[in-house]
Amino acid sequence: MNSRPPAEAYCQADPVFYDTGSRAGTDGTAFTQTHGPVPDGWERRDRGVWVVYLPTGHTMPPQGWKIHISGLPDNAQRVVDIATAHCVRLGVPFKFLRSRSVVSAHSLKYAPRSASGKLVTIYPEDETQLRRVLEDLAPALDGEPGPYILTDLRWGNGPLHVRYGGFVTRYCPDEHGNPVPAIERPDGVLVPDRRRPVFDLPDWVALPEFLEPHLAARQSAGQAADFPYTVERALHFSNGGGVYAARHTDGRPVVLKEARPHAGLDGAGTDAVARLHREARAMRLLAGIPGVPELYGHHQVWEHHFLAVEHMPGDTLQAWLARNYPLTRADADDDRLAAYARRALALVDRIEQLVDAVHARGVVFGDLHPANILVDDEDRVFLVDFELAVPVADADRLGLGHPGFMARGKTGFAIDRHALAALRLWVLFPLTHLSELDPARPARQVAEAERRFGLEPGSLDAVRRELEPLPATLEKVPAALREPAPAGQDWEVLRKSVAQAILLSATPERTDRLFPGDVRQFHTDGLNMAYGAAGVLWALHTSGAGRHRDLERWLLDAAARSTDPRPGFYSGRHGIAHVLEEFGHRDAALRLLDGCADTVPGMRDVSLFHGMAGIGLNLLHFARRTGDTRHRRAALELARRTADAVRAGTAPGIVRGGDQGARAGLLRGWSGPALFFLRLYEDTGDSAHLDLAVTALHHDLDLCEQGADGSLQADAGYRLLPYLEVGGAGIALVADQVLAHRADPRLSEALPALARGAEPEFVIEPHLFAGRAGLLATLASLRGRRRGAEGTVGEGIDPAVARHLARLHWHAMSYRGHIAFPGEQLRRLSMDLATGSAGILLALSAALDGNRGFLPFLAPPPAPRA
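Laid out in structure tokens, this is it:
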């Protein structure tokens, strides 16, 4: 739905929650310099996963040439020792990753590419010192391995790299008006500090003469006259390299797999190049098996290795399921379910036959999961990605595996047999990812799959037996996840349990975050509405779970420290200010608004999440609360600029290119501005605002497509989306309220189809913004509800609402004896508003209490006092 850092690096620090390695030290992998004595005349500061060393009293230049030293977990302490000794002797400030475990997390295959390999950063004061440090360090680091840092220019052939960029944190608007790290042009204007995975020199900066030979070496090394392929498009990127659609000079289409040395490590420390060699060997062993691509060649360009393999037909099994899975449709009936089950299980039979042929050659595939299986229009199946395929005798040392399909504690052919059983369950009930948190979950899901698809009871017993976790696996489940949580249908008990789980997860002793949530909180300051403390505290209060003064104090103190300039309602200061004002901390709230006021005029984003619609709605809220006309004037100015975008029908970020489709919906699309104009109409009585609300909703409808079940959903390019953040549910909520003020045939016709998109029984993730909870809250708001005695759901409740409530248990987990839910990708629990338990608490409030304002601004404001 929006840019999200890969989860892999955030799964290493904690088995229950997404986290960083910033608290590493208790695991025994911290570097000596992280906690040891500081040299005389120096001071040490902690900056998340980084440790900063500065000469006492040093003033850091705002920007300049910086040096990066790359490294690997095995040589990291040695590299930090060398860098520390040289920088202290030369008086140059530097920073380093705080522990070997953090280095490991940053080196993984799916760690962020922009940070790949960066172990030490050095900040010379000028070009003279830059050259001296490089020439001083190069002999000392000669022979030390480390990956090439993609953003930088390498000095020689060692681990030293350089780039021009910011030394201190400053921000400026990007092309969408959102604050991003900045550097300063000679005329004093701040511009984005680009950190793309290429060496990119600002146009006003001259390359120092002593770096010119290194640039020439890079440019000449990247040219290979005998490389017979032309890349047409990128298919996939990882920390270890890319996968590309390409064409041979003879016109033949191929797939190129790239591997970078010392990069993209797996759990066994194997790098991408070693895995590419392993893949080439496996494909030679498997040559001629129908369904296995032909290996055309192995090439090296500069340091990068490439395999050229046959381009196979079809799409991934993952995409096939997204198109065909019947429980995501509102019209699934028994005949449709039975037909799908026959076809899907027949596909798995073919996959099993193909895997048997691989085993007959003495090879374990090792990485069998839906993204590595292709299905064509005739339901023929093909295997791709053989980087974990090894002879059976070596199949006890695999360092990677796909969540939900990885066989813990198994070796040899049993690895693939486990994955085949997981696939057989997955095509019927695709929640096998939950096994990472609850290894016993897949075996229990088998009965649900049999029941829902009308299979004979016991027909999947072989799957159940194969997926039953080994005792040693169960022993490794964290204690916090073992204690049974409340069950049953007493919703008052259950939602109190969810609230208690949230409170038990709080970590007020930490300064980087208060509640565990999505990985995106670590790329802000842990405070915002969507992923941080403000949203969780607001959800607890709004849902009736109370105020918690000690936790509010954490938010107040953190807000006072924060330097994050992002103004957005869900992503920045305006949302935090909204919560503080709600809790009576007006002065602190107003300071937050004043602190980001300068960033708002350059904003171009119109969305409710990041942009002008969310900020404008909040300014209207503050105008009502405080009586300060400045807030109203600022809101009206944002309305004027948003109106220009609505009339033009274009805005940054809403319509994307290629297969990325559109961002129609409440939080990312035009429905956010529609809500803004609706509230302006209610505030001012000016019908022009209502006109704009209708026009904005029509823009979102233009970005929707009708599904085969008659639903209307946002067209994301690769699939249709029904959700709150991006999708038809969010459009429906605003359209319903606009229709209360004005008849509009297009909205009236679309509303039932938009609501229909929120009805399906199966939803891959449970959360509020892009999962079941948002659909539940939407239907409850649109269709009403009635509660029965003792907190149970009454008989008059809408059937689709009741079904969503009942199906929440598909994702429910136990956390310290209470109910909690996994976040995005289902790999760790989350407590935040957007992706976690706090958002589900709000959905329960909408369903059980009739709370139309389960998100800020959704409920019409109270009428002004006479």
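Quick note: full-length UniProt numbering has the sequence shown finishing at residue 866, numbered continuously throughout. For glycine and all other residues, C-beta sits at the position ideal for the given N, C-alpha and C. Note that this is a predicted model, so its numbers are computed, not measured.
Where residue i falls, given that 16 or more other Cβ within 10 Å makes a residue buried
i       : result
Gly-458 : exposed
Trp-538 : buried
Thr-128 : exposed
Phe-210 : exposed
Met-406 : buried
Arg-785 : Here the model assigns Arg-785 a pLDDT of 44, short of 50, so the residue's position is not dependable and the matter cannot be decided.
Gly-454 : exposed
Pro-147 : buried
Glu-581 : buried
His-610 : buried
For residue j and residue i, the rounded distance between their alpha carbons
i       : j       : result
Tyr-123 : Thr-84  : 13 Å
Leu-141 : Arg-278 : 29 Å
Val-606 : Ile-183 : 25 Å
Leu-160 : Ala-440 : 47 Å
Lys-257 : Leu-307 : 5 Å
Leu-592 : Leu-692 : 30 Å
Ile-840 : Ala-847 : 11 Å
Gly-267 : Val-392 : 19 Å
Ala-789 : Gly-544 : With a pLDDT of only 37 at Ala-789, under the threshold of 50, the placement of this residue in the model should not be trusted, and no figure is reported.
Leu-620 : Ala-111 : 41 Å
Ala-443 : Gly-546 : 38 Å
Leu-317 : Asn-372 : 8 Å
His-699 : Pro-860 : 23 Å
Arg-451 : Val-198 : 52 Å
Pro-601 : Thr-524 : 21 Å
Val-375 : Asp-385 : 14 Å
Thr-121 : Glu-43  : 16 Å
Val-243 : Phe-237 : 6 Å
Arg-163 : Ala-479 : 46 Å
Ala-780 : Leu-425 : 31 Å
Val-180 : Cys-172 : 6 Å
Ala-30  : Arg-98  : 6 Å
Arg-495 : Ala-820 : 10 Å
Leu-721 : Gly-728 : 7 Å
Ala-462 : Tyr-570 : 47 Å
Leu-733 : Ala-506 : 32 Å
Gly-568 : Arg-342 : 48 Å
Gly-595 : Pro-192 : 20 Å
Gly-297 : Val-309 : 7 Å
Rounded Cβ spacing between residue i and residue j (contact assumed at less than 8 Å)
i           : j       : result
Val-16      : Arg-719 : With a Cβ gap of about 30 Å, Val-16 and Arg-719 do not count as contacting.
Ala-530     : Asp-174 : Not a contact, Cβ separation roughly 19 Å.
Ala-395     : Pro-760 : The pair is not a contact, with the Cβ atoms about 39 Å apart (cut-off 8 Å).
Thr-778     : Leu-724 : 6 Å
Gly-291     : Val-381 : 6 Å
residue 868 : Gly-836 : With the chain running from 1 to 866 in the structure shown, residue 868 is simply not present.
Arg-154     : His-214 : 6 Å
Phe-96      : Gln-33  : 7 Å
Leu-321     : Val-427 : 6 Å
Glu-144     : Gly-158 : 7 Å
Ala-472     : Gly-409 : 6 Å
Asn-259     : Leu-276 : Reading off the sequence shown, one finds Ala at residue 259, where the question assumed Asn. Contact holds; Cβ gap of about 4 Å.
Ala-714     : Cys-704 : 6 Å
Gly-731     : Ala-664 : According to the sequence shown, residue 731 is Ile rather than Gly. Confirmed, Cβ separation roughly 6 Å.
> In chain order, which alpha helix (DSSP H) runs of at least 4 residues are fully inside the stretch 306 to 335?
Replying inline: List check, alpha helix (DSSP H) in window: 317 to 324.
> What are the uninterrupted segments assigned as beta strand (DSSP E) that are 3 or more residues long and contained completely in the stretch 709 to 759, given in chain order?
Replying inline: 712 to 715
> Contact between the stretch 43 to 57 and the stretch 98 to 107: three or more CB pairs below 8 Å?
Replying inline: yes
> Looking at C-beta atoms only, is the number of pairs between the stretch 464 to 471 and the stretch 405 to 421 that lie closer than 8 Å three or more?
Replying inline: yes
>> Quick check on the DSSP output: what are the complete alpha helix (DSSP H) runs of length 4 or more inside the stretch 411 to 494, in order along the chain?
In response: 414 to 426, 441 to 452, 461 to 467 and 471 to 475
>> My parser needs the alpha helix (DSSP H) runs of 4 or more residues fully inside the stretch 219 to 285; what are they?
In response: Listed in chain order, they are 272 to 285.
> Any contact of the stretch 204 to 214 with the stretch 623 to 642, i.e. 3+ C-beta pairs under 8 Å?
Replying inline: No: the two stretches stay apart, fewer than three of their Cβ pairs being nearer than 8 Å.
>> Could you tell me which whole beta strand (DSSP E) segments of length 3 or greater appear in the stretch 78 to 145?
In response: 94 to 97 and 118 to 122
>> Could you tell me which whole beta strand (DSSP E) segments of length 3 or greater appear in the stretch 799 to 829?
In response: 813 to 815 and 818 to 822
>> Using 8 Å as the cut-off, can you tell me whether the stretch 747 to 762 makes contact with the stretch 818 to 826, which would need three or more C-beta pairs spanning the two stretches below that distance?
In response: no
> Which ranges would you report for the alpha helix (DSSP H) in the stretch 585 to 611 if only whole runs of at least 4 residues count?
Replying inline: 586 to 596
> Taking only runs of the beta strand (DSSP E) that begin and end inside the stretch 499 to 544, which ones reach a length of at least 3 residues, in chain order?
Replying inline: Taking 3 residues as the minimum length, the stretch 499 to 544 contains no beta strand (DSSP E) run wholly inside it.
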